[in-house]
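Engineer: Okay, here's the structure, questions in a sec.
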């Protein structure tokens, strides 16, 4: 089938959508700053996912980063000298985007190369499957920045690794090698770096051989079972303030000073 480009919902250079053989591939980032995403990028990603949810021809959606890097989270440069309300608004938008990914009715897969950190880790966890290369690292190193972890972020993490390990990861800000991340359930599959694209192709070929209705029903059934265990769905927006009002500005400024590019 001829590859088609479909980007009418995207208003950001960091969100590129292509559809081929009933598989949508969303490439995020520009290849700079570890594909950190700004507010308009999160907005564009949400709109793209909402549009894909209505496409009944799809059997799967792939999320991967540009330039061999998945995503290091949000673009911290936007938060330098920003108001607390603006930062809270960005966190609310991130959560709306993550829920739009979770509401996609077809299987989704995050292809993790190099790093999936902070909101980038959350983006991967919002997908059904996480395929990581062996050299990648995954984690939620946000506490060191004075970020107050939203309940929805904590929920995604705890659902995958359990409450004790989730707390340990959040308390320590530790990034895990992908093999360790897989051992505790933070990612689904780890393969040697050179086998990543081959494994992805095999996975997508498998999805394309299954009846689309079966894929959608299987996803819905698992999600329904999980809701019975975990209770009500996550909140639509961030209910609590997202940052320590005193520490966050200082820590962001210090971080950006150390990572000038």
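Residue numbers (our numbering): -5 to 255. The beta-carbon is built from N, C-alpha and C at its ideal position, and this holds for glycine as well. Predicted, not measured: the structure shown is a model, and the values here were computed from it.
(1) Take residue 220 and list the residues in its own chain whose beta-carbon comes closer than 8 Å to its own, dropping the five residues that flank it on each side.
(2) Output needed for residue 102: all residues of its chain with C-beta closer than 6 Å, excluding positions within five of it in sequence on either side, in chain order.
(3) Using only CA atoms, which one of 49, 193, 129 and 208 lies nearest to residue 17?
(4) Take every Cβ of the segment 50 to 70, pair it with every Cβ of the segment 10 to 29, and state whether three or more of those distances are shorter than 8 Å.
(5) Could you give the first and the last residue of the continuous alpha helix (DSSP H) run that contains residue 84?
(6) Cutting at 6 Å between CB atoms, please list the residues of its own chain near residue 104, excluding the five before and the five after it.
(7) In the DSSP assignment, find the unbroken alpha helix (DSSP H) run with residue 199 in it and report its ends.
(8) Could you give the residue range of the alpha helix (DSSP H) that holds residue 35?
(9) Quick one: what's got a C-beta closer than 7 Å to residue 189's C-beta in the same chain, skipping five residues either side?
(10) Using 8 Å for Cβ pairs, my map puts residue 109 next to residue 63. What's the rounded Cβ distance?
(11) Could you check the C-alpha separation between residue 38 and residue 166 for me, to the nearest Å?
(12) If you draw a straight line from the alpha carbon of residue 73 to that of residue 203, how long is it in whole angstroms?
(13) Alpha carbon to alpha carbon, how far is residue 90 from residue 14? Give it in angstroms, no decimals.
(14) Skipping 5 residues on each side, what residues in its chain have a beta carbon closer than 6 Å to that of residue 136?
(15) Could you tell me which residues DSSP pairs with residue 213 in its beta bridges?
(16) Entirely within the segment 100 to 170 and at least 4 residues each: give me those alpha helix (DSSP H) ranges in chain order.
(17) Could you give the C-beta distance for residue 66 and residue 29, rounded to a whole number, given that I count them as a contact under 8 Å?
(18) Which term fits residue 150, buried or exposed, when burial requires 16 or more other beta carbons within 10 angstroms of its beta carbon?
Structural biologist: Checking against the coordinates, here is how it stands:
(1) On the chain shown, residue 220 is found 226 positions in, with the first residue counted as 1. Once the five neighbours on either side are set aside, the close Cβ partners of residue 220 are 153.
(2) As a working mapping, residue 102 is identified with position 108 in the chain shown. These residues qualify, in order along the chain: 55, 121 and 122.
(3) Counted from its first residue, the chain shown places residue 17 at position 23. Comparing Cα-Cα distances from residue 17 to each of 49, 193, 129 and 208, the minimum goes to 49.
(4) Verdict: yes, contact present.
(5) For this step, residue 84 is matched to residue 90 along the chain shown. DSSP places residue 84 inside the alpha helix (DSSP H), whose first and last residues are 78 to 96.
(6) Translated into positions along the chain shown, residue 104 becomes position 110. In the same chain as residue 104, and ignoring 5 residues on each side of it, the C-beta atoms closer than 6 Å to its own belong to 57, 118, 121 and 124, in chain order.
(7) Locating residue 199 in the chain shown gives position 205, counting from the first residue. Element bounds for residue 199: 190 to 203.
(8) Against the chain shown, residue 35 aligns to sequence position 41. Membership of residue 35 in the alpha helix (DSSP H) is indicated by the continuous run 33 to 47.
(9) Numbered from 1 along the chain shown, position 195 holds the residue referred to as residue 189. Nothing meets the Cβ criterion.
(10) Start at 1 with the first residue of the chain shown, and residue 109 comes out as number 115. Start at 1 with the first residue of the chain shown, and residue 63 comes out as number 69. With a Cβ gap of about 6 Å, residue 109 and residue 63 count as contacting.
(11) Within the chain shown, numbered from 1, the residue matching residue 38 stands at position 44. Within the chain shown, numbered from 1, the residue matching residue 166 stands at position 172. The straight-line gap from Cα to Cα measures roughly 32 Å.
(12) Locating residue 73 in the chain shown gives position 79, counting from the first residue. Locating residue 203 in the chain shown gives position 209, counting from the first residue. The straight-line gap from Cα to Cα measures roughly 45 Å.
(13) In the chain shown, the residue the question calls residue 14 occupies position 20. In the chain shown, the residue the question calls residue 90 occupies position 96. Their Cα atoms are separated by approximately 26 Å.
(14) Stepping through the chain shown from its first residue, residue 136 is reached at position 142. Here residue 136 has 112 as same chain residues with Cβ atoms under 6 Å from its own Cβ, once five neighbours each way along the sequence are excluded.
(15) For the purposes of this step, residue 213 is identified with residue 219 of the chain shown, where counting begins at 1. Checking the DSSP bridge columns, you'll see residue 213 has no partner listed.
(16) With a minimum length of 4 residues, the continuous alpha helix (DSSP H) runs that stay inside the segment 100 to 170 are 113 to 120, 145 to 155 and 157 to 166.
(17) Position 72 of the chain shown, counting from 1, holds the residue named residue 66. Position 35 of the chain shown, counting from 1, holds the residue named residue 29. Confirmed, Cβ separation roughly 6 Å.
(18) Position 156 of the chain shown, counting from 1, holds the residue named residue 150. Under this definition residue 150 is a buried residue.
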